[in-house]
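Scroll down for the structure; my scribbles are underneath it.
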């Protein structure tokens, strides 16, 4: 399964979280991040799309998932006082996986 390609420890390291209070919440963000990426790309994240020939998650998708996890962790409230903007790094990381229309 693609979501197993990012561990709780890797997600916490990316978030710079050293406590265990949010472990359950962070663990839930991992599959959610991949679902949001699949929704953004309008395609299922299958092994043939996501994995390198050696069977590892592609670095661009790994970093994209970590960016989404970071956004979800930092912005968990429904209402914001400031305007949120699209993360351009995420957009660029996902570009090569987008289906191109004709």
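Numbering (this note's numbering), first residue to last: 7 to 108. Note that CB positions come from ideal geometry on N, CA and C, so glycine has one too. Bear in mind that the values here come from a model prediction, so they are computed numbers and not experimental data.
1) Restricting to Cα atoms, I'd like to know which of 96, 102, 76 is closest to residue 28.
2) By alpha-carbon positions, which one of 39, 20, 31, 78 ends up nearest to residue 100?
3) Using the rule of at least 16 other Cβ atoms within 10 Å of the residue's Cβ for burial, across every protein chain shown, is residue 70 buried or exposed?
4) Quick one: Cα of residue 18 to Cα of residue 103, how far?
5) If you draw a straight line from the alpha carbon of residue 83 to that of residue 15, how long is it in whole angstroms?
6) Since I believe residue 73 is in contact with residue 95 (beta carbons under 8 Å), could you give me their beta-carbon distance rounded to a whole number of angstroms?
7) Considering only the beta carbon of each residue, do residue 43 and residue 35 sit closer than 8 Å?
8) Rounded to whole angstroms, what's the CA-CA distance from residue 78 to residue 98? Just pull it up for me.
Based on what the coordinates show:
1) With distances taken between Cα atoms, residue 28 lies closest to 76.
2) Of 39, 20, 31, 78, the residue nearest in Cα terms is 39.
3) Around the CB of residue 70, 16 or more other CB atoms lie within 10 Å, so the residue is classed as buried.
4) Looking at the two C-alpha atoms, the distance is approximately 26 Å.
5) If I take the Cα positions, the gap works out to 23 Å.
6) Sure, about 6 Å apart at Cβ, within 8 Å.
7) The criterion of a C-beta distance shorter than 8 Å is not satisfied by residue 43 and residue 35.
8) Within the model, the alpha-carbon separation for residue 78 versus residue 98 is close to 19 Å.
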